[in-house]
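As structure tokens, then:
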């Protein structure tokens, strides 16, 4: 049966193969995005001792579908004197990089769309592109709140990209490769071998920067609904608005996936090397472990939003430039020395 | 790949200047902010002095190449670096009071000056086109910022903009030229480039080389301020704060000379018949337009700017001669010019006061009645710039002309003499103003800072002495270029 | 079918058109965006040249950071286009003539007859396991150590220059420092003094 499928697969033209692979990746991501919104409302609901949405479908499970339908049916309003072309381009530019970055994410060993050498760099380059969507949307809206939001978000993302990039340099040093698959394989051994331990400060910096890069609370000054209404997407409605929504959540999932891959051993089992447990949990596939790790990290995203008050703008800048960046630079030195000294058990 | 630790010893002065510049930045942050930054000023002078001592100590007369051929230390680099420290130090002494009176006596100013010196050192010691370009950019970037430092002045900002835009254009040209040279020879290393060129290339590569050399020369001409790429010189000299003009007009010229030597003479020396004709064109135009237009100027800084263009023409004459003597005379000329130009702009600083720039010719009227000593120093400077016999400028011009005649460019030498005589008019006009005209309104003697006055006096006397005993300087230049 | 030439011509066309449009387009925001497009297609061309590290760095640095800040500035500018275009007709003719002469001259020297494929054959492609990231790393910190350090110094100078030119406390502008505002304590603002209690006064006295 499997052989038959393989032979059929081999007959499909290359371009079609790639398109099919992309579909296989993108559709689940879109579904996850939809249900992440539900999860968010549920989690925040329970944190605030409420129940959250429970009316649409059994236990509210159809809520995201209803929301999607509602947004799809709404009119896209283009404000007067707005720059029409850029106004439409904005949301597209926000969503595209968030999806394109998935091309180099390994879901399990050798399960990857494009196994390229400079994968880490590719991810970083695409992450840096997502700011365009927001800036363009803010400017093209011809609205002062939108422009303010765009400016805030642009400055914030450019700043946190630096800390993020430095954290990734640490990973690169530790793994000796820019290839995400090799990075995961370099963490093989046991839970102690994962990079979260030797790169603990970088792990924290990366995750915090990731939260900031996705403009999530407590770094959501670019939306800042209590100060600038809704920031860069204040003028958007219908599907255009939904695109920003999709982009934000797709980016969250991406950051969670990258954090899991780079610091938490990706698809590796946490019980690796522990005699009894390793066998006991061997039925869980690598992909399952990756999903579990991502789910935990995504829960953190939601937890942050439910718990922390919003940072003030100058505090965000101070945290980024005066705390996170120095921390990464110092720890880079530490990692470099550790790699040179071939510190066991990580770098031997 | 095996990595050999490079030999750092020849580059110790550069490393020292870099460390000190960074240290000064830290001192600037943590110093007592209620006082002015005299400590930075002193530190920068000390840095230059120690760098000079290091350069002297490390100079063993041999050519040392390190950093995988990127860096060369030879006698030419040592002597040019020593003069760079000397001139920069003097420039800083000149400018202290001027800067204080105009609210730009800031730590960054001195840090930038030191970084710019570092850029010049890199250029002087460059043995690779990459290093040449990096040094040039480092130096220029600092100078752009220094010109713009006085932000309340419209002229200064305009000058900075012009300097920056045209400087970037010039850098672009040079970079294009260098990359074409790389394409044709396949190497960035100066001496390897020379070997490949002398080994002879195919006809198409020859053509490419010529294109590369042409672009490089255009870039160099931009940086040197040779006609027809001189448009920025008068505006920048005029608009920049005089202290910065003083700097731009002196030390970077030495580095520019080194740049021409490294790139044209050492790198593409075998293509001399190609670049010689281009330089002839540039030099003749520079000396003609520089001297003629200077006559029409009423602003002292603009006049000296056009005079700088004319002097660059002379510098190029020495290079055109294409002989060891020619290069040595060029080096002699540029050092002499840097000293004279420093004195000239130094006098403007000396005369200026808070809220008053003494930069018109009128301001020099009756200087003899006000301060005979400084009038005398200005007299020495102007005589020297004009090339009146038994002055430093005279010997410098003579050496260049000799080299030209030796190489068979008699007609060029004749043209140079004619334009020099024309040029003498506007230098001597200043002398006339100082001695035979009455002061306009201000008749008080000069009352400037003591350090400025000492610097101006030493500068004038040094030029007088070097004019009487030029042999020491010419010998040094000959030694530097290995003619002995 | 070899897809590379098709991609090359596609990217090159986009590159040339977008680069040309950067200078001709009227809206400065569009100009900045077209420059982004130009960088992006340029990076794609570099990937075709097997220089994926440089290509990604180009996107990361120029598209991701430099152009964002560029856009920032451009968005906040209120440019009067008629004023800028005033001198255009005056300088257009000489400008075009000079540009044409330069193009022809360079074309004569760098034309296809001298730089055709027969003179410069296609360089040999590398194996699949060749990593130019590694290659660049190997030479960048060894052979090119000196220029690399110089580049670092140039960047430091750029920072110093930018800060010293931009940072200026204007005495005439009033601004708030939020961190100072937050740090204010009650003791700084209100002085509580101890005093003996006084007799209650009648309501008539209070009004006066």
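Chains as they are written, first to last, in the numbering used here: chain Z, 1 to 348; chain D, 1 to 484; chain L, 1 to 208. C-beta: ideal position from N, C-alpha, C; glycine also. Only a predicted model underlies this, so the values are computations on that prediction, with no experimental measurement involved.
- Item | Residues that residue 140 (chain L) contacts on chain D, provided the C-beta gap is smaller than 7 Å | Simply none; closest approach about 11 Å.
- Query: Name the chain L residues that come within less than 9 Å of residue 130 (chain D), Cβ to Cβ?
  - Reply: 144, 146, 147, 150
- Of all the CB atoms in chain L, is at least one closer than 8 Å to the CB of residue 128 (chain Z)? yes
- Query: Mind pulling the chain L residues with CB within less than 8 Å of residue 137 (chain D)?
  - Reply: 154
- Heavy atom of the ligand ATP less than 7 Å from the Cβ of residue 275 (chain Z), yes or no? The ligand ATP is not part of the structure shown, which contains no ligands of any sort.
- Query: Taking Cβ-Cβ distances below 8 Å as the criterion, which residues of the region 137-162 of chain D are in contact with chain L?
  - Reply: 137, 138, 141, 142, 144, 145, 148, 149, 151
- Identity of the residues DSSP links to residue 108 (chain Z) by a beta bridge: Z:111
- Query: Considering only residues of the same chain and omitting the five flanking positions on each side of residue 352 (chain D), which have a CB-CB separation below 7 Å?
  - Reply: 98, 242, 358
- Answer yes or no: do residue 25 (chain L) and residue 31 (chain L) have a C-beta to C-beta separation smaller than 8 Å? yes
- Message: Let me make sure I understand the geometry here. Which of L:42, L:196, L:49 has the alpha-carbon closest to that of residue 122 (chain L)?
- Response: L:49
- Message: Assuming residue 218 (chain Z) and residue 304 (chain Z) are in contact, meaning their beta carbons sit under 8 Å apart, how far apart are those beta carbons, in whole angstroms?
- Response: 6 Å
- Beta-bridge partners of residue 498 (chain D), as assigned by DSSP: Beyond the ends of chain D as shown, which are 1 and 484, falls residue 498 (chain D); an answer cannot be given.
- Could you check what DSSP says for residue 386 (chain D) in three-state terms: helix, strand or coil? helix
- Message: Please classify residue 301 (chain D) as buried or exposed, where buried requires at least 16 neighbouring CB atoms within 10 angstroms.
- Response: buried
- Simplified DSSP assignment, three categories, for residue 299 (chain D): strand
- Task: Label residue 320 (chain D) either buried or exposed according to how many other C-beta atoms from any shown protein chain fall within 10 Å of its C-beta, with 16 as the threshold for buried.
- Result: buried
- Query: Residues in its own chain within less than 8 Å of residue 347 (chain Z) by CB, not counting five upstream and five downstream?
  - Reply: 174, 198, 338, 339, 341
- Should residue 215 (chain Z) go down as buried or exposed, given a rule of 16 or more other Cβ atoms within 10 Å for buried? buried
- Query: Using 8 Å as the limit for Cβ to Cβ distance, is residue 134 (chain D) near chain L?
  - Reply: yes
- Item | Cβ-based burial, residue 9 (chain D) [other Cβ within 10 Å; buried from 16] | exposed
- Keeping to the same chain, check which residues put their C-beta closer than 6 Å to that of residue 209 (chain D); ignore five residues upstream and five downstream. 184
- Message: Quick check: what's the CA-CA separation for residue 191 (chain L) versus residue 180 (chain L)?
- Response: 19 Å
- From the DSSP output, in three-state form, read off residue 272 (chain Z) for me. coil
- Give a yes or no on whether the minimum CB-CB distance between residue 99 (chain L) and chain C is below 8 Å. Protein chains in the displayed structure are Z, D and L, and chain C is not among them.
- Message: Please classify residue 167 (chain L) as buried or exposed, where buried requires at least 16 other C-beta atoms within 10 Å of its C-beta.
- Response: exposed
- Task: Closer than 6 Å by C-beta to residue 419 (chain D): which residues in its own chain qualify, once you throw out the five before and the five after it? Chain order, please.
- Result: 287, 288, 291
- Give the single residue among D:112, D:390, D:441 whose Cα lies nearest to the Cα of residue 160 (chain L). D:112
- residue 154 (chain Z) classed as buried or exposed, judged by whether at least 16 other C-beta atoms fall within 10 angstroms: buried
- Item | Top-ranked residue by Cα proximity to residue 407 (chain D), from D:323, D:345, D:476 | D:323
- Query: Where does residue 96 (chain L) land, buried or exposed, given buried means 16+ other C-beta within 10 angstroms?
  - Reply: exposed
- Message: Just to confirm, is the Cβ distance from residue 123 (chain D) to residue 136 (chain D) under 8 Å?
- Response: yes
- Query: Would residue 383 (chain D) pass as a contact of residue 295 (chain D) if the rule is Cβ separation under 8 Å?
  - Reply: no
- Message: Can you tell me whether residue 13 (chain L) is buried or exposed? The criterion is at least 16 other CB atoms within 10 Å of its CB, across all chains shown.
- Response: exposed
- Cβ of residue 321 (chain Z) less than 8 Å from any chain L Cβ? no
- Proximity winner among D:229, D:132, D:470, D:346, relative to residue 96 (chain D) (alpha-carbon distances): D:346
- Confirm, please, whether the CB-CB distance from residue 315 (chain Z) to residue 222 (chain Z) is below 8 Å. no
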